[in-house]
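A.B. asks: Quick one: structure below, then a few questions.
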Ligand SMILES: Nc1nc2c(ncn2[C@@H]2O[C@H](COP(=O)(O)OP(=O)(O)OP(=O)(O)O)[C@@H](O)[C@H]2O)c(=O)[nH]1
Ligand SMILES: [Mg+2]
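In my numbering, the protein residues as written are 820 to 1264.
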C-alpha cells in the first residue's frame, strides 16, 4: 500500500510523543527531525519537507494546548492538519460548465495512465448521473484508439474516432456531444516518453482549438520526484487546472502525492488506485492525511461501499452507524463487503488501526476467515454488545474459533476503534455525516 513506510514511521514517532506527559521543545524537535527524515525517505521534495516541518513546529510551539488534548495528541492534530494543507486542504472536483458540454482534456507522459484515466473518469461521471463522451485524439497509435473504443463499448459510453488531426477530432467530438446531449467531453491525447516541443505544441494547439474547461495532467505516482518535476514543467506551458495522480496502489512511497500540489500550485483532483475501471477516487487531502497517520479513512470506505454495494444496504449501515447501533455483525458484514470491493490491502488501510498491522503482500483471506470465526463463536448478545465480552469469555471464544486470545482482543479493539471513530465523525453533525474528517475533534488514539 502506498505510504506504508512513511505512515509507519510517522506513527511510531507520534506514539513515542504521546507516551510523554509533558513535551519540551527538545522532544518536539527530536520528533520533527524523525518526521522530516521519513518525508525525505518517502521522496518528498526537500524544500517541501523543510517548509512542512517549519509550519508544524511554529504551531506546536506557539499554540496553546487545547484542554481536551494531551500535548502528544496536540502534535498529532497539528501534523494531520498540516499534511492536509500541504496536499491542498479541501477536495477540488471538476468545475463543470453551466453551458454543457464541459470539456476536459488529459495530458501527460507516455504510460502515465491517460487512456485508463479517460475511461475511469467516464465511468465516474456516469455513476454520478452525467453523460460523458470520450474523444480519441491520440492519433499516433491505432492501438490507443482501440483501447479507448473497447473501454467505451464496455461502459456504453460513446467514443469519437476519426482519421483527422487531433484538433479536428476534438472539435468533432464536441459537436457530437452537443448533438447527442452528452454533457461531459473527455479528450485522450498522445503522450511522449519525455517532455518535448512537439508534444507541447500539439497540446497547445488542441487547447486552442475549442473551449476547454479543464486540463488535467496525468502523472504516475510511482515515479516519485520525477512526477513532480514533470508536473512542474507541464504547468509552465499549459494552463493545468488539476492533477490526476495514478498508480497510487503500488508501493509508491508517497512523495509525489505530498509534494506535487505545493510545487506546482495545482490541486490533485483524482487518484488512480488500480488498473480496473472503478479504481479512481476523488482526492480528499484530509482523508489521505488520516490514512497516513493510521487514523483510517471511513468516509472513503463508506463511499466505496455505496457505489459497489446496493445503496439500500449502505444506507442502512449508515443509519446504524449514526444511531450507534453498529454491532459486531455489522462490522463483519462491512468487512465482507470490503472483500468484494477490491484488493484487501488497500481497503484495510482505510479501517482505523488496521493499516499498519498488515504489511502489503501479507494480507490474505485467512485474516477475514479468522475474524469471521471469532465473531461467529460469540453469542448473539455479545455480538450486539461487544462491550460485555469479559476476559474469561475471550478465552472461550478464541478456543471456539481456533484462534488466539490476542486475535480476539485485537478484533474487539478494531471494532471499537471503528465505532469510536464513527461516533466522533457524527458527533454534532445534526444527524448527517459530516463531509470532512478534518473536523474531527480528537485524533482517535
Ligand atoms: N496499478 C495501476 N496501473 C495503472 C493505473 N493507471 C494506469 N495503469 C496502467 O498503466 C499502464 C499505462 O496506462 P495507459 O492508460 O495506457 O497510459 P497512457 O498515458 O494512455 O499511455 P500512452 O497512451 O502510451 O501515452 C496500463 O498498463 C494501465 O493499466 C493505476 O492507477 N494503477
Ligand atoms: Mg494512451
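Glycine included, C-beta positions come from ideal geometry on N, C-alpha and C. Here the structure is a predicted model, which means the values were calculated and not measured.
Can you name the residues that DSSP bridges to residue 1091?
C.D. replies: 1099.
A.B. asks: Give a yes or no on whether the C-beta atoms belonging to residue 839 and residue 846 are separated by under 9 Å.
C.D. replies: In contact: residue 839 and residue 846 (Cβ atoms closer than 9 Å).
A.B. asks: Under 8 Å: do the stretch 912–924 and the stretch 1027–1035 share three or more Cβ pairs, one atom per stretch?
C.D. replies: Segments in contact, yes.
A.B. asks: Where the beta carbon is closer than 7 Å to any heavy atom of ligand 2, which residues qualify, in chain order?
C.D. replies: Result: 933, 934, 957, 963, 966, 1007, 1010.
A.B. asks: Ligand 1 heavy atoms versus the CB of residue 1094: any closer than 8 Å?
C.D. replies: Because some heavy atom of ligand 1 lies under 8 Å away, the Cβ of residue 1094 counts as near it: yes.
A.B. asks: Near residue 1231, which residues of its chain fall below 7 Å by C-beta distance, leaving aside the five closest residues on each side in sequence?
C.D. replies: So the list reads 1205, 1208, once near-sequence residues are dropped.
A.B. asks: Applying the 10 Å Cβ sphere with the 16-neighbour rule, what's the burial state of residue 1053?
C.D. replies: When all chains shown are included, residue 1053 counts as buried.
A.B. asks: Do residue 926 and residue 974 have their C-beta atoms closer together than 9 Å?
C.D. replies: Not a contact, by the Cβ cut-off of 9 Å.
A.B. asks: Could you give the DSSP three-state label for residue 1265: helix, strand or coil?
C.D. replies: Past the edges of the chain, shown from 820 to 1264, lies residue 1265, and the structure says nothing about it.
A.B. asks: Taking the straight line between their C-alpha atoms, what separation do you get for residue 994 and residue 1009?
C.D. replies: Their backbone Cα atoms lie some 21 Å apart in a straight line.
A.B. asks: Are the CB atoms of residue 1014 and residue 1035 nearer to each other than 9 Å?
C.D. replies: No.
A.B. asks: By the three-class DSSP mapping on this structure, what secondary structure does residue 889 have?
C.D. replies: Residue 889 falls in the coil class under three-state DSSP.
A.B. asks: Ignoring anything shorter than 3 residues or poking outside the stretch 937–969, list the beta strand (DSSP E) runs there in chain order.
C.D. replies: The qualifying runs are 951–955.
A.B. asks: Taking the straight line between their C-alpha atoms, what separation do you get for residue 865 and residue 851?
C.D. replies: Straight-line Cα distance between these residues: approximately 14 Å.
A.B. asks: If you compare alpha carbons, which of 904, 1199, 1151 is closest to residue 1298?
C.D. replies: As displayed, the chain neither begins before 820 nor continues past 1264, which places residue 1298 out of reach and without an answer.
A.B. asks: Can you name, in chain order, every residue of its own chain whose Cβ lies under 7 Å from the Cβ of residue 986, other than the five neighbours on each side?
C.D. replies: Closer than 7 Å at Cβ, skipping near neighbours: 1024, 1025, 1028.
A.B. asks: Does ligand 1 have a heavy atom nearer than 8 Å to the CB of residue 978?
C.D. replies: No, ligand 1 has no heavy atom inside 8 Å of this Cβ.
A.B. asks: Under three-state DSSP, which class holds residue 1325?
C.D. replies: The requested residue 1325 is not part of the displayed model; the chain covers only 820 to 1264.
A.B. asks: Any heavy atom of ligand 1 closer than 8 Å to the Cβ of residue 1088?
C.D. replies: No, ligand 1 has no heavy atom inside 8 Å of this Cβ.
A.B. asks: If you follow the beta strand (DSSP E) that residue 1018 is part of, which residue opens it and which one closes it?
C.D. replies: That residue, residue 1018, is in no beta strand (DSSP E); its alpha helix (DSSP H) goes 1016–1028.
A.B. asks: Does residue 1114 come out as helix, strand or coil in the three-state DSSP assignment?
C.D. replies: Residue 1114 falls in the coil class under three-state DSSP.
A.B. asks: For residue 1097, I'd like the list of residues in its chain whose CB is within less than 6 Å of its CB, leaving aside the five on either flank, ordered along the chain.
C.D. replies: Closer than 6 Å at the Cβ level, and outside the excluded window around residue 1097, lies no residue.
A.B. asks: Can you find a C-beta in chain B that's less than 9 Å from the C-beta of residue 936?
C.D. replies: Within the model displayed, chain B is absent; a lone protein chain is all it includes.
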